[in-house]
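Before any comments, here is the structure.
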Amino acid sequence: MAMAEGMRALRAAARAELQQLNRSRVLVGLVFVEAITFLVLVSLFGLTGSRAPTALIQLDRGPLAQSFVRQLEEAHNSFSLRPMTAARAKQEIAQGEIVASVTIPRDFDTAIAHGRTVLVPVTVDNVNADMDNDLRGAIPSAIARFGEDHHFPGIRLDPVERDLIGHDTGYIPYLIVSALALTSLVVAGILGAVAVTREFEARTVTQWQLAPVHSGYLLAGKLVAAALVSALAIGAAALVVVLGYGVVPRHPLAAFGALALCVPMFTCLGACAGALLRKTLPVAALFFGLALPCYIDSGALEPLRFDGNKIWAIGHSSPVYSAIAVVEWGFHGFDVTPESVPQNVLQLAAWATASALVAVAVLQRRVVRR
Amino acid sequence: MNAVLTVARLDFAVWRRSPWAILAAVIPPLGMFILVNVLTLSVTVQPVALVIEDPGPQAQVVSHIIEDDTDAYKLHVTSLARAQRLLDEQRVAAVIVIPKGFDDGVARGHAVLDYTLNNVDIDFADDIRRSIDRSVAQFDAPQLGSSVEGRAGASGLVVPNAYRVDIAEHDLRTTDVAFETYQTLPVILLLVLCAGVLGGALLGSRDHERGTIVFLRQTPLGRCSFVAGRLLGALLATASIVVPALVYLTEKHVIHPPRGHWPPFLAVLLGTAVFAAALGVLLGSVSRRSTTVALAGVTVSSYLFFLGGGFTTIAFLPHWLQTLSLLVPTRYGIDGMRQSLFYADLTGVPTDLAALGGFALATLVASIAVLGRSVR
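For the record, the sequence lines run as chains V and C. First residue of the first sequence: 19, per our numbering; consecutive thereafter. First residue of the second sequence: 5, per our numbering; consecutive thereafter.
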C-alpha cells in the first residue's frame, strides 16, 4: 500500500518537474547547447595535438627534395607544411602564425646524388617546450625514413612496427567519444542539481516533510524527469558524434547502454551536489569546473594506466573513468582500462546506486533538519 | 560622476557579499588550472618496455641510445614475457625488442628493431613512433645534428652521415617556456572572462530577481551613468579576483614579462576585462534569472576561451576556423598576452589592443542600449 502511494507520489513529482522544466525553456536550451559545447571544445583541443603549422621554404624542387618533403609530410602527423618564401616565413614565425620553418637548400638533389650530406636549416619557435619536443623528434624521424627509402649505404638498422590494433584511430574520433561521457556528467549533473536546489531556493523543501510518503519517492520522481531531459540532450550529442563526426559505434548496444547508465548515475550525483550546495548559482560553474580535470584524469586522452600508478589511482575516484572505458569500447571496440568491460559496467552501476543513496540520505537529512 | 561611483560602490558591495557568485567565477579557471597541471604529466614521456635479447656490443649501443632518451621514454628494461604482461596490463604503451642475432644483422647491414605498439589513438602512438625513429637514426648517424650552419659569410661545417641529410636547428629563444607556464596564461584569461561576464551578468539578473530594478527606475540616474557605474562595479569585482591571482603568479615567477612589457600586458588584461564586464552587463540585461545567467555565462566564457585560442594554438586550426576566430575578441587578448609575455618584441600587440578596444566599445554600446532601456 505504502509502495503504491510512493509510486503515485513519484509519478506526480516527475510530472511536476517536467512542467517546471517546460517553464524553464531557456535553461533546457542552454543545457542542450552545453552538451554540444563539450564536443566542440574537445575537437578544438584535438586539432592542436598534431600537425604543427610549419613553413616550407623549398629552394630545390628535384625528385630527392620532393621525396624529403614527402617524408616530412608523412612524419607521423607532425607537420602541416605551408610553402612560402623565407621573408614571409620570418614574418609569420615572428607573429606566432607558424611554429617552425624548414628550408630545403638549393643544391639538395645534386649534393645527395653525389653522396654528400646536405644541411637543412630548421628554425623553431621554441616558445612551448611540448611542441618543441614533438618537432625535435619529427625531423630526425623524417630524415631516417628518407634514408631508408633510398637505401643509402651505411644504414644498417630498420624499425619494424607491429600494432596491437589493425588501424590507427585519429585523435579527434578518440577524444570525441570520451567527451560523450563528460557531456553526460555536465548535462545530467546540472539538471539533477537544479532539480534539488530549486526546492531549497523556493523553500518548497519544507513541504516535503508534510508528504505522506518517504522523501526518496519525491526525489526519485524529480530525478527521473531530469534524467529524461538529460537523456534527450545526450542523445542529441551522440547523434552529432555518429552523424557529424562519422564515428559509428562498433557495439551500439554497449555504447548507448553505457550512456544510458551514465545519465541516472550523473543525475544522482548532481542531486547530491545540489542537496549539499542548496544554491543554483554555482551549480553550472561547479560541473563545468569539475568536468575539465575529471576529463583529463579519467583516460580521455589515452589509456590512463600509461600515466603511472598515482594518476591511475586518482582516476578511479571518478565515475567518468569507467564511463569512458565502456563508451570507448562501445564506439571503437578498444579496451582502454586494465579492467574488463563487465567490471567497468559493474562499477558504473555501483556508482549509480551509491549516488542515489547518498542523494536520498543528504536530502532526507536536510528535510528533517528544516 | 558621483552617480557612477555610487552605482559602482553599491554593485561592488553586493558582489563582496555574494560568495556563491564569487565561487561560480573562480571554479572554472581553477578546474582549468588543475587540468593544465594534470595534462603536464600526460603530455611528456611515454611508458615503454625494452627487451634486450642480444648481449652483443651493437645491441648495447642501441639499448643505451634508448635508455638515454629520457625526454621520450619512461623505460622498463625487462624480459619478453614480463614486457608482454606489462603491455597487456596497459602499464606500457609499447614494447621494443632488440632481437637475438641483432649484432649479426648489423654486421650484414640489415638489423631490425622490433616494436609492438598499443595504437588506440595516434597522439601518443605517433610520439612513440617519432621517438623510435629518432633512436634508430642516432644508431647509424650518432653525429646527426652536430653540423653547424654558416652565417654572415662564414662557412659552416657539415658533418657527413649515412642519411645524407643533417639539420641545423636554430631556436628563436634561449629557453623553452614550460608547458604549464605556457598554459597558465590562458587560465588567467579565463579567470578574467568568468569574473567579468558572471560579475556583470549576475549583478544585472539580481536586480530583476529581487525586484530592485523598480527602485533603479525611480532614481534620477542617466542611462549612461547607470551603465558606466555597473560596468565599473563589474570591473572592480573582476579586479578583486584577478589582482591577487596576478600578484601570486608574479611572485612565483610564472608571470615574468621581458623588460618594458608590463604596460602592454596589463593593457591587454584591462581591455579583456572591460569587454568581459560589458558582455556580462549585456547578458544580465537580456536574461533575468540567475540560474540561466550562470549557465549562459559559463558557456559564453568557455566558447570565448577556446575559440580565442585559450587551450589551442589558432595556427593549428583549419583555415575556416582561423577566419572565424578573427571575430572572437579573446583571440586578440590571448595573442597580445602571449606576445607581451613570451616574445622579445611587441609585434601585433597594438593591433590586438585596438581590436580588443573596438569589441569592448561595441559591447558597451549594446549594453547601454539594452540595460538603459530596461531601467528607463
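Positions of the beta carbon are idealized from the N, C-alpha and C atoms, including for glycine.
**OP:** For N165/C, I'd like the list of residues in its chain whose CB is within less than 6 Å of its CB, leaving aside the five on either flank, ordered along the chain.
**Re:** Beyond the five residues adjoining it in sequence on each side, N165/C comes within less than 6 Å, by CB distance, of A145, Q147, L148 in the same chain, given in chain order.
Please list the terminal residues of the continuous beta strand (DSSP E) segment that includes S119/V. Looking at the DSSP string, the run of the beta strand (DSSP E) that includes S119/V is 118-122.
- prompt: Quick one, are the C-beta atoms of V81/C and L91/C less than 8 Å apart?
  reply: Taking 8 Å as the Cβ cut-off, V81/C and L91/C do not qualify as a contacting pair.
query = Relative to the C-alpha of L257/V, which residue among L294/V, G47/V, A53/V, E35/V is closest?
reply = The closest CA to that of L257/V, considering only L294/V, G47/V, A53/V, E35/V, is found on A53/V.
By the criterion of Cβ-Cβ separation under 7 Å, what are the contact partners of T316/C in chain V? Neighbours of T316/C on chain V, chain order: L62, F63, L65, T66.
Q.
Determine, for N122/C, whether the minimum Cβ-Cβ distance to residues of chain V falls below 8 Å.
A. So, interface residue.
Original post:
Looking only at DSSP bridge pairs, what is A70/V linked to?
Top reply: Note: A70/V sits in a beta bridge opposite F97/V.
So, is P268/C buried or exposed, given that buried needs 16 or more other C-beta atoms within 10 angstroms? That one is buried.
Legend entry - Touch test, the region 307-316 of chain C against the region 331-345 of chain C, Cβ-Cβ under 8 Å, three pairs minimum: Note that the region 307-316 of chain C touches the region 331-345 of chain C; at least 3 beta-carbon pairs, one per stretch, sit closer than 8 Å.
Between the region 201-211 of chain V and the region 233-251 of chain V, are three or more C-beta pairs nearer than 8 Å?
-> Segments in contact, yes.
Establish whether the CB of F50/V and some CB of chain C are separated by less than 8 Å. Chain C, which has no Cβ nearer than 8 Å to the Cβ of F50/V, makes this no.
Taking Y313/V as the reference, give the member of V259/V, T355/V, P337/V, F324/V with the closest Cα.
Nearest option by C-alpha distance: P337/V.
### Distance between L381/V and R388/V (C-alpha atoms, nearest Å)
Model confidence at R388/V stands at a pLDDT of 45, short of 50, so the residue's coordinates are unreliable; what they give is reported in the following sentence. C-alpha separation (whole angstroms): 11 Å.
Discussion item. Out of G113/C, A115/C, V163/C, which one is the CA nearest neighbour of G133/V?
Written reply: Considering only alpha carbons, the answer is V163/C.
Does F128/C come within less than 8 Å of chain V when only Cβ atoms are used?
By the rule that beta-carbons nearer than 8 Å mark a contact, F128/C touches chain V.
*8 Å Cβ cutoff, S159/V in contact with chain C*: For S159/V, the answer is yes, since a Cβ of chain C falls inside 8 Å of its Cβ.
Select from the region 74-97 of chain V all residues with a C-beta closer than 8 Å to any C-beta belonging to chain C, and list them in chain order.
Cβ contacts with chain C: F86, A93, H94, N95, S96.
* Asked: Three or more beta-carbon pairs under 8 Å between the region 112-122 of chain C and the region 174-190 of chain V, yes or no?
  -> Yes, the region 112-122 of chain C touches the region 174-190 of chain V.
| query | Taking contact to mean at least 3 C-beta pairs separated by less than 8 Å, is the region 199-208 of chain C in contact with the region 282-296 of chain C? | reply | Counting Cβ pairs under 8 Å, three or more are found: they touch.
Report task. Taking all protein chains shown into account, decide if E93/C is buried (16 or more other Cβ within 10 angstroms of its Cβ) or exposed. Result -> Flag for E93/C reads exposed.
* Inspect the CB distances between the region 218-234 of chain V and the region 356-370 of chain V and report whether three or more fall short of 8 Å. => For the pair of segments examined, the region 218-234 of chain V was found not to touch the region 356-370 of chain V: the number of CB pairs separated by less than 8 Å stays below three.
Where the region 298-327 of chain V meets chain C: residues whose CB sits under 8 Å from a CB there = Within the region 298-327 of chain V, the residues whose Cβ lies closer than 8 Å to some Cβ of chain C are T298, L299, P300, V301, A302, A303, L304, F306, G307, L308, A309, L310, P311, Y313, I314, D315, L319, E320, P321, R323, F324, D325, G326, listed in chain order.
Measuring only the C-alpha atoms, how far is G165/V from T285/V? One alpha carbon belongs to G165/V, the other to T285/V, and they sit about 57 Å apart.
### Message
Can you look up D107/C in the DSSP assignment and give me helix, strand or coil?
### Response
Helix at D107/C.
**Q.** Residues of the region 159-173 of chain C with Cβ closer than 8 Å to any Cβ of chain V, in chain order
**A.** For the region 159-173 of chain C, residues whose beta-carbon sits nearer than 8 Å to a beta-carbon of chain V comprise G160, V162, V163, P164, N165, A166, Y167, R168, V169, D170, I171, A172, E173.
- Have a look at S294/C and Q38/V and give me their C-alpha separation to the nearest angstrom. Those two C-alpha atoms are separated by around 16 Å.
### Query
Going by beta carbon distance, what residues of the same chain come within less than 8 Å of K297/V, once the five residues before and after it are set aside?
So the qualifying residues of the chain are T215, F218, E219.
| said: Using 8 Å as the threshold, is the C-beta distance between T48/V and T296/C below it? | reply: Checking the sequence shown, residue 48/V turns out to be Leu, not Thr. When the beta-carbon positions are compared, L48/V and T296/C come within less than 8 Å of each other.
Q: Spell out whether any CB of chain V is found under 8 Å from the CB atom of F310/C.
A: Yes, contact with chain V.
Notebook entry, point to check: Interface residues of chain C around R69/V at Cβ under 8 Å?
Noted result: Going along chain C in sequence order, the residues near R69/V (Cβ under 8 Å) are F320.
Q50/C - containing beta strand (DSSP E), residue span: The continuous beta strand (DSSP E) containing Q50/C extends over residues 50-56.
Problem - Residues bridged to R180/V [DSSP beta-bridge criterion] - result: Answer is T120/C.
Item checked: Residues in the region 355-367 of chain V having any Cβ partner in chain C nearer than 8 Å -> Per Cβ criterion, the list reads T355, P356.
Helix, strand or coil at L79/C according to DSSP, with G and I counted as helix: DSSP places L79/C in strand when its eight states are reduced to three.
Give the C-beta separation of A238/C and G264/C to the nearest angstrom, bearing in mind that I take them to be a contact with Cβ-Cβ under 8 Å. Not really, about 30 Å apart at Cβ, beyond 8 Å.
* To do: Whole angstroms is fine: what's the gap from A318/V's alpha carbon to L193/V's?
  => Cα to Cα, A318/V sits roughly 6 Å from L193/V.
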